[in-house]
């Protein structure tokens, strides 16, 4: 005969209640983010959809809300994307290769380099704008041109490209490199023919995400001189605006109707971003190597 | 090719009778290929291997055996300067290859590795097709002509041709473990080295694949010099002509563990009448 | 019978044909690219320091940090940065009050409660929040949140700190959640198993075992969130106002450091004047604050990575 009964269902009601309450709080925390996201999207769609028409994409901005569009802004954003791709990809990947394959990690200057990149990733975007203002616009004398804006965005997202490229390169197993070296290949031959090809999916995904981040940035462009009223098509060495700037401009106008046009432009911007992100995720899933 | 002599010698290892199946063919004239003198390897100042001197002979299969941590892998990597890849590693002493010091001033490690190839413990085929795996070496080394023939010959030498001849364009990763290892051997052979280093080549494989690799070694030694690290004593007895036994020398304070060469001799001698007590303890299974 | 020994006479070709110029050149080019990041930081520092130093010749440090009136363009001009700091602090405090508890809550749920499959779909979905451009959040704060607050009785001005702060807090939720969740996932399962084996509930294991073990990472996420809040521009530019004042009432309009820089930077303020240099003085203050916090955050992340990886 056992002295006392086995308490297997011992937890008190209070304990259960506390556990349930806690879990509820946690779910609530998670929900806040999703609910806000949902409300935001719903609100933007509700306001902007009626104004989402071809005119938005083909017309220039105007004081008349009936015909105001965002064409120059969209074009400028596209131009900047292209310039960005061409500049940030080589520099970012090259830096990643240097840090992962060549740099002796014990040396202080390489550790400093690493730390510097981590810091740059967290510098407020407006500070990049200040950098652009001081050096590109006034210093180098480029003036308030599209190229200056694109270059500053390059510097802004460079840390992102570097970090994701490094991860992709690091994911390639060392045994592959050793196998290559053992055959008498030089370091660069191994990198170019084995490491990089295997790392390309990861690098591509990271670059697309960096690009998406750059497209949504407004603050640095404000300081580098993106004008808020541009009715002509932009050129690389000419005055410019960008989609987020145009949105900001429309929001700032007193007439209520412009806020709705801003919502429509936001839909365009979000659609572009959504496509890019979805593509990046598809890319990663499709080409992810299982070592 | 110099005339061969045969010494078939069945031996008993740790209570097991090991038949050295047939041919232990050796050249009549022993040619010194590597002459190692007082080799010492340190990692960040801590010695991993010290005072190693021995000679490796051409067309022999030489085995390094010993307990784990005794520096066998570190030692074999000195022969193709793969230790250079580790920034904290430092090599002192000399490794003469055909009388030239591998660690000499102007010596380019890349050139060294063209002549002295390596096969690793875990098969590491590139994530490419079978053909491209074998062709990688010749391509980067500038041996562009006759690529198809090179690939075929390498696969023949590695006894893999018949199994893959119809699927050269398929991914190398679709092969079994044993096939992958033979692929790695073929890959190594395609650059026409003189020496093949093998760091525990069969330890990740099943017994049947292991036997095939060992048979392959017997075939290959006609044309190549083979050095193999193995933790399997029976394997060393089966394949090796000469065997070097390494052990660990523990410093008085118990902290420093340095690898040392205990004994180096004909395989039959090592396993039947070793000169050093430590060797005897190891091969009879008393420790390690 | 000893076999005769001979040393091979053939000399191997161990030297490279020429010095491997290609390899050295490649390494050089790569290192140069790496230098771009260094030059960026150097550029930022120089861009800020030069005009800032000139500014502080004109305006004393004491006046800058202790005067409570910021009116650089007025007569007489006043250069006390406290109102801007105050504005930044107010919005940051509100944002942090939102993102710290709820970000951590979301992280605990994802790490300790959610099933792996659920986690796999929820985590990236949460990240979508992080991908929304800040100008969109600003729009949301101005056109939705402010009217909403008014409709439930909170008397906020058209531009106010509360809307901006709340929206900023939600924007920072993924930052806190993601980093905290990484830290918690890094805690070895053996610690949890040990506690569960003693009969602890999930609540107890999460709060008493996992969170304390992951605390460096969690704090790092908090510090990073604060840093982001301090440096954020568009949300406050659109929704918080352009009135530099010292107040703790979130219903009023204020001006943050970032909003000031953005507003002044667009105008054609002539270079070399004190007014122009205010951009850099405030910018330098901003940079120093966020830099210090970033360093702390990086150090903390390094610490928890060292322990568990």
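Chains as they are written, first to last, in the working numbering: chain A, 1 to 291; chain B, 292 to 579; chain C, 580 to 888.
We treat Cβ as the ideally placed atom computed from N, Cα and C, and that holds for glycine.
A quick note: this is a predicted structure, and the numbers were derived from the prediction, not measured.
To which residues does DSSP link residue i through a beta bridge?
i                      : result
residue 520 of chain B : B/355, B/490
residue 340 of chain B : B/332, B/550
residue 538 of chain B : B/551
residue 256 of chain A : Partner(s): none; residue 256 of chain A has no beta bridge.
residue 242 of chain A : Paired residue(s): none; residue 242 of chain A is not in a bridge.
residue 286 of chain B : What is shown of chain B runs 292 to 579, which leaves residue 286 of chain B out entirely.
residue 577 of chain B : According to DSSP, which records beta bridges pairwise, residue 577 of chain B is partnered with nothing at all.
residue 383 of chain B : B/331
residue 594 of chain C : B/398
residue 649 of chain C : C/658
residue 556 of chain B : B/534
Cβ atoms of residue j and residue i: under 7 Å apart, would you say?
i                      : j                      : result
residue 753 of chain C : residue 708 of chain C : yes
residue 477 of chain B : residue 446 of chain B : yes
residue 836 of chain C : residue 663 of chain C : yes
residue 354 of chain B : residue 527 of chain B : yes
residue 665 of chain C : residue 867 of chain C : no
residue 231 of chain A : residue 60 of chain A  : yes
residue 52 of chain A  : residue 267 of chain A : yes
residue 832 of chain C : residue 822 of chain C : yes
residue 785 of chain C : residue 687 of chain C : yes
residue 633 of chain C : residue 856 of chain C : yes
residue 117 of chain A : residue 609 of chain C : no
residue 813 of chain C : residue 735 of chain C : no
residue 261 of chain B : residue 345 of chain B : Residue numbering for chain B in the displayed model covers 292 to 579; residue 261 of chain B lies beyond these limits and cannot be assessed.
residue 145 of chain A : residue 238 of chain A : yes
residue 208 of chain A : residue 280 of chain A : yes
residue 33 of chain A  : residue 55 of chain A  : no
Where residue i and residue j are concerned, what is the direct C-alpha to C-alpha distance, given to the nearest angstrom?
i                      : j                      : result
residue 506 of chain B : residue 482 of chain B : 21 Å
residue 4 of chain A   : residue 779 of chain C : For residue 4 of chain A, the pLDDT reaches just 47, beneath the cut-off of 50, and the residue's location in the model is therefore unreliable, although a value from the coordinates is still provided. One C-alpha to the other measures close to 22 Å.
residue 571 of chain B : residue 323 of chain B : 27 Å
residue 15 of chain A  : residue 761 of chain C : 28 Å
residue 703 of chain C : residue 884 of chain C : 22 Å
residue 186 of chain A : residue 547 of chain B : 35 Å
residue 647 of chain B : residue 594 of chain C : No answer is possible for residue 647 of chain B: the residues shown for chain B start at 292 and end at 579.
residue 28 of chain A  : residue 193 of chain A : 50 Å
residue 717 of chain C : residue 79 of chain A  : 25 Å
residue 282 of chain A : residue 777 of chain C : 44 Å
residue 42 of chain A  : residue 30 of chain A  : 19 Å
residue 202 of chain A : residue 84 of chain A  : 18 Å
residue 652 of chain C : residue 622 of chain C : 28 Å
residue 756 of chain C : residue 797 of chain C : 9 Å
residue 671 of chain C : residue 240 of chain A : 32 Å
residue 557 of chain B : residue 180 of chain A : 33 Å
residue 809 of chain C : residue 67 of chain A  : 38 Å
residue 878 of chain C : residue 758 of chain C : 14 Å
residue 314 of chain B : residue 336 of chain B : Confidence is the limiting factor: at residue 314 of chain B the pLDDT is only 42, short of 50, which leaves the residue's position unreliable and the question unanswerable from this model.
residue 421 of chain B : residue 452 of chain B : 11 Å
residue 764 of chain C : residue 284 of chain A : 22 Å
residue 263 of chain A : residue 725 of chain C : 16 Å
residue 93 of chain A  : residue 104 of chain A : 18 Å
Enumerate in chain order the residues of its own chain whose CB-to-CB distance from residue i is below 6 Å, with the five nearest sequence positions on each side excluded.
i                      : result
residue 863 of chain C : 627, 631
residue 404 of chain B : 371
residue 349 of chain B : 322, 324, 516
residue 549 of chain B : 338, 341, 540
Under 8 Å Cβ to Cβ from residue i, same chain only, skipping five residues before and after it: list those, please.
i                      : result
residue 770 of chain C : 788, 789, 792
residue 217 of chain A : 125, 153, 156, 244
residue 449 of chain B : 473, 474, 476, 477, 480, 507
Closer than 7 Å by C-beta to residue i: which residues in its own chain qualify, once you throw out the five before and the five after it? Chain order, please.
i                      : result
residue 673 of chain C : 740, 741, 744, 745, 748, 829
residue 425 of chain B : 442, 445, 446, 477, 478, 481
residue 159 of chain A : 117, 120, 121
Flag residue i as yes if its beta-carbon sits less than 7 Å from any beta-carbon of chain E, otherwise no.
i                      : result
residue 391 of chain B : Annotation note: the requested chain E is absent from the structure, which comprises protein chains A, B and C.
Requested in this report: Pick out the complete alpha helix (DSSP H) segments inside the segment 407 to 485 of chain B, 4 residues or longer, and give them in chain order.
Outcome: 421 to 431, 438 to 448, 452 to 455, 468 to 480
Requested in this report: Would you mind listing the beta strand (DSSP E) stretches within the segment 809 to 837 of chain C that are 3+ residues and don't spill past its ends, in chain order?
Outcome: none
Query raised in the report: Which whole runs of the alpha helix (DSSP H) in the segment 161 to 242 of chain A are 4 residues long or more, in chain order?
Result: The segment 161 to 242 of chain A is shown to contain whole alpha helix (DSSP H) runs of 4 or more residues at 174 to 182, 187 to 190, 196 to 215, 219 to 223, in chain order.
**Report entry** Whole alpha helix (DSSP H) elements within the segment 781 to 811 of chain C, 4-residue minimum
**Finding:** 794 to 810
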